[in-house]
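See structure below.
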């Protein structure tokens, strides 16, 4: 097994980190050699997460967070499942050391440093890394990802909302507003820690919107629409919190270009049948979270509403898979020349 | 207690019927003298629903469905919590017998018989009753309801979506689409019976839209907007099923008239402060289902999104209360001259 | 309304405090004149809890916690929905001022100060108040409660488990172990604050026991069995956390005395038919949380298992009602000569 | 891939059938050549269950139920995830045709035909197959399973309750009652179909026992205790329905033999450390459903309660994995000489 690549995960104790560990337990080309967690430092994987006990991890324990790059073992790639400021600091360090980086935080997603400051409250101190970072929406940027050394893995909401916008991009009138009414389970709306607003008694048997006025995923979606179409779309993005655990469903309302009809939308949807992780479902009501949970699929469909002139696009993903760890592994596979679906199907 | 009014409930074993029984247990002017349920016929209220055991119901048992009007006791008012076809047949019978009717089915909501046929699959055989029926959106039609003998109690989705549209009606550009993205708990999406699609294993940890292409509440909303504004708005209505029990939250996207700004919306919202059951919440994210569950309130707020030119209106109700039984009792109170909030606050 | 009694609630912002406010909104003999909450001090009731908005509370706002008794208004009775140490300090202060006290904490439940130290980690500094405190299991101690000035309102688990033990007390062999396998929703297992272990992602789709080795309700149950029967029963008490919000169901396994049979158990169960809040259900499987939620009932039943010689007793309550606020109001009614079910039915 | 064994699944559309399909998608020695489902006959696996789409199943579609053995392809082994009467009829047919059978129904679990009649309501018409059937509690009967041609895969409750009884079997006084208080998610308490009692509105925010007087798993547990210890234990078995989907937790109360202490229980627990799917957890409160969901582990622990003389044993499994499909694959691996954990770890 000398030809396995050596992979590390910073922040491996969080939701996405656990999901990466779960995926790599079965990935035939990857050896996880390093996993950090301030909470679980010193514990074996199985002690911390009994459901992750696996042959591959019998000898792996969580390390504390590294103080400097010299604390880390030799690696081919590292996943940063860390807060934005930690990723901002460490991504360049690893790049300098020749380690490919897949960053799951928001540190390298927004190309405009002033937007980063506005939405993340941080000065962007790494303009060169930011410039070279490739946005990891796999289906839309496959070729660039293959040769990237730093991938900014997309946010969960942007993945769910933007994938079908990419599919239908030639049919939509982007001079009119794009209205994204999105709903997420709790694992997508916050981290593993119990924060204000994610206690059982406030989530259970309840439903509400949150961060409606200002969510950091709104500019990320707008930027990607601009990348894909060259247009500055006005995005209205309203995230809601579902009383459940896993999955994001986005109901997106768009206006079609003049002369475009339902057949055009169907044709566009069918044109991506080759994509391993996109599934066109014909009926919007058949796009359900249960069909994508624990998978890397993005299910999507549209309803061309003649009466109102609005097209409803519904898409669903598992926020921890296609919305985080699954897409990250997809990107790793591309970066190292493995089959794209290895370990995620 | 000779001056209590005598009230009956047809279909008292369903969700709304139970809620009516719960409310009337505390209503000081109402004596429930008749409650039908094919399932529970012959059983006492407490046998069928242990949580409804109450002094007032110690001697009340469920009757079977009546064969003719002569099977029913003398009553001042009757609630029809029955299927559409049953209401269609029985409302005129009771009216003829001088009993005021509050119909909770869809039988008398749509003024256009062809729409009724299209969305309910039934010929409308009672044009006269239909013509005289008053649409029971209490806040919008209070005066008419006071003198009505037949009230068509609104659907739960239309109540949630239309109340804030009524509040903001002068500010919205109804020549543009009204996009209603609504989410309901299971008690609003179906009856008490376990139907396909409402089993635990298909609802739990799941989320999806349903009837997106054609839901009978879409024309009801469009009709009411027309009644309120005189305009034929194009309504895009997408209902979704929440993995929870109680409540409807509607995220409605509208376009403001030219020159209208946020201050205008705030002013309109504040202008209804006198309403006992409307609560303006200033922040859309503060409109939560848990604040309205088991109450007759409609909480609402708006977000005037300058960037996209769209105004987001969020509203929430308890579908069994303001969306059904609570509003029905509010209407009864108006019809009989009782304080409007008696028994519902 | 000069003859209403004046009531205060310390700790009115917690789960039980809110439930008391909800109940008093409808209680015809009670005027809430004082409600403290460090979190909501200065806010009106309706601002803090929109679902509690009510005529009665239009002019009531939360006060901060009092520094001394002179900060508090004149009152006839006060509810202490406060932590154990706060109740320990304040109960004697109010008693001295002539205010009757219903304490919902554990401060005055255990008669043995050494047990209090062991299970609550506090020295009991108020032996006189402790001695005079009446244990508020209403059905078992009605007469004493009528003349009490300090009532120690029982814990939620002890209420659920002990009520049927009281009913069947003459039939059970208390020289053998009493095995109590209890299950609670999250509102019974912790306070309103999000503590470790009550976050959504650790409770949802999960089930486990907690505090199995040492829970402060175990000695409370043992003490009450001793009070009722004069015997020192060995109690095995295992609480579990249900992935839901409201209710406690206790499956209690006991050994019958020699010669006792099922008919004896049925007779005992029927002998309490006069009790307004005990409901014998004949079949253990018919004891469901949904039948008692939002009510003050304790539903119970037994199964006399001839094969194993064990009798299974199942009982269910709403932990915030019969297990806390409801029983507290029942006790207040007794202390002031109101009908026992006033405001709780 | 000519050396893969050919496997079929009858009743592959149900919960257990789907789980088998999920497991075999990754099993390196198994080719699924046949899968029946009356509901999905003619559909591809991915059409019926989008989350099961996988390379291995690209060409597999559901067949209807076979009329005779000649309708079935050549197979090495077949799983019967079918109703009891269907298994009863088909197991002997496949055995005759030389196909090894793993029956997941209850048809071959109870060795006493009169008990089968009493608890399953069916005459046992296949005494010879019944006699030869090996009870598939893997850890307890490994050697017999290796050479079996018919394995009766244990029920989910019996697996959860009996595995720790096997571990501690020499320490327990089986002349005294064994009290099993078990709790299951809905996927263990019923099939995929929505039956009375498993609708969302009756399960959600509710908890109750069911079949307390007579559940078919009680005699199965008693029989296995007898097999393991030679004693006729009196088993009190009370199943409850959890408002969640996946997992069974059993709180079992036993009396230790005279002279036995906690150290003996700890030693016994540690003595099975070699078992790949048993995990001793030291603290009963650390046995949680979330640690075993989607895995084949049985987590267990005990609490030796000196005061009451009772030992509490808590055990947890995923009912669809160790309680059904996972254990079935474990048994298949043994029968065909594959590593026992292949495809289930």
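Chains as they are written, first to last, in my numbering: chain E, 1 to 345; chain Z, 346 to 690; chain R, 691 to 1035; chain F, 1036 to 1380.
Built from N, CA and C at the ideal position, the CB exists for glycine as well.
Reduced DSSP secondary structure (H/G/I, E/B, other) of residue i
{"i": "residue 69 (chain E)", "result": "helix"}
{"i": "residue 630 (chain Z)", "result": "helix"}
{"i": "residue 960 (chain R)", "result": "helix"}
{"i": "residue 1151 (chain F)", "result": "helix"}
{"i": "residue 353 (chain Z)", "result": "strand"}
{"i": "residue 348 (chain Z)", "result": "coil"}
{"i": "residue 201 (chain E)", "result": "helix"}
{"i": "residue 1360 (chain F)", "result": "helix"}
{"i": "residue 772 (chain R)", "result": "coil"}
{"i": "residue 100 (chain E)", "result": "strand"}
{"i": "residue 208 (chain E)", "result": "strand"}
{"i": "residue 228 (chain E)", "result": "helix"}
{"i": "residue 369 (chain Z)", "result": "helix"}
{"i": "residue 1228 (chain F)", "result": "Note that residue 1228 (chain F) scores 49 on pLDDT, short of 50, meaning its location in the model is unreliable; the coordinates nonetheless yield the value given after this. If DSSP states are grouped into helix, strand and coil, residue 1228 (chain F) belongs with coil."}
{"i": "residue 358 (chain Z)", "result": "coil"}
Any chain B beta carbon closer than 8 Å to residue i
{"i": "residue 956 (chain R)", "result": "The question asks about chain B, but that chain is absent: this structure's protein chains are E, Z, R and F."}
Those residues which DSSP pairs with residue i across a bridge
{"i": "residue 279 (chain E)", "result": "E:299"}
{"i": "residue 395 (chain Z)", "result": "Bridge partners of residue 395 (chain Z): none, in fact."}
{"i": "residue 592 (chain Z)", "result": "None; residue 592 (chain Z) has no bridge partner."}
{"i": "residue 583 (chain Z)", "result": "Z:526"}
{"i": "residue 601 (chain Z)", "result": "Z:517"}
{"i": "residue 724 (chain R)", "result": "R:698"}
{"i": "residue 661 (chain Z)", "result": "Z:594 and Z:644"}
Cβ-Cβ separation, residue j to residue i (assumed contact under 8 Å), whole Å
{"i": "residue 1174 (chain F)", "j": "residue 1313 (chain F)", "result": "6 Å"}
{"i": "residue 60 (chain E)", "j": "residue 35 (chain E)", "result": "6 Å"}
{"i": "residue 517 (chain Z)", "j": "residue 601 (chain Z)", "result": "6 Å"}
{"i": "residue 1344 (chain F)", "j": "residue 1352 (chain F)", "result": "Not confirmed; about 28 Å, so no contact."}
{"i": "residue 594 (chain Z)", "j": "residue 656 (chain Z)", "result": "In fact, because the Cβ distance is near 17 Å, the residues do not count as touching under 8 Å."}
{"i": "residue 1089 (chain F)", "j": "residue 345 (chain E)", "result": "7 Å"}
Pick from the options that is closest to residue i, judged by C-alpha positions
{"i": "residue 230 (chain E)", "options": "E:170, E:187 and E:188", "result": "E:170"}
{"i": "residue 181 (chain E)", "options": "E:241, E:135, E:142 and E:134", "result": "E:241"}
{"i": "residue 701 (chain R)", "options": "R:770, R:713, R:722 and R:738", "result": "R:770"}
{"i": "residue 68 (chain E)", "options": "E:232, E:97, E:324 and E:122", "result": "E:97"}
{"i": "residue 731 (chain R)", "options": "R:741, R:756 and R:746", "result": "R:756"}
{"i": "residue 1289 (chain F)", "options": "F:1200, F:1326 and F:1372", "result": "F:1200"}
{"i": "residue 1194 (chain F)", "options": "F:1161, F:1333 and F:1340", "result": "F:1333"}
{"i": "residue 1177 (chain F)", "options": "F:1372, F:1241 and F:1223", "result": "F:1372"}
{"i": "residue 155 (chain E)", "options": "E:23, E:218, E:112 and E:199", "result": "E:218"}
{"i": "residue 14 (chain E)", "options": "E:263, E:72 and E:49", "result": "E:49"}
{"i": "residue 1336 (chain F)", "options": "F:1369, F:1209 and F:1300", "result": "F:1300"}
Taking only beta carbons into account, state which residues of the stretch 959-983 of chain R come closer than 9 Å to chain Z, listed in chain order.
969, 971, 976, 978, 980, 981, 982 and 983
Determine which residues of the stretch 982-1009 of chain R have a Cβ less than 9 Å from any Cβ of chain Z, and write them out in chain order.
982, 983, 984, 985, 987 and 989
Please name the residues in the stretch 71-94 of chain E whose beta-carbon is closer than 9 Å to at least one beta-carbon of chain F, in chain order.
none
Counting only Cβ-Cβ distances shorter than 9 Å, please list the residues of the stretch 195-211 of chain E near chain F, keeping chain order.
204 and 205
Check distances from the C-beta atoms of the stretch 859-879 of chain R to those of chain E and list, in chain order, the residues that come in under 8 Å.
876 and 877
Taking any Cβ of chain Z, which residues in the stretch 1147-1166 of chain F have a Cβ under 7 Å from it, in chain order?
none
Would you list, in chain order, the members of the stretch 1277-1291 of chain F that have their beta-carbon closer than 7 Å to a beta-carbon of chain Z?
1280
Just by C-beta distance, which residues in the stretch 563-582 of chain Z are closer than 8 Å to chain E?
579, 580 and 581
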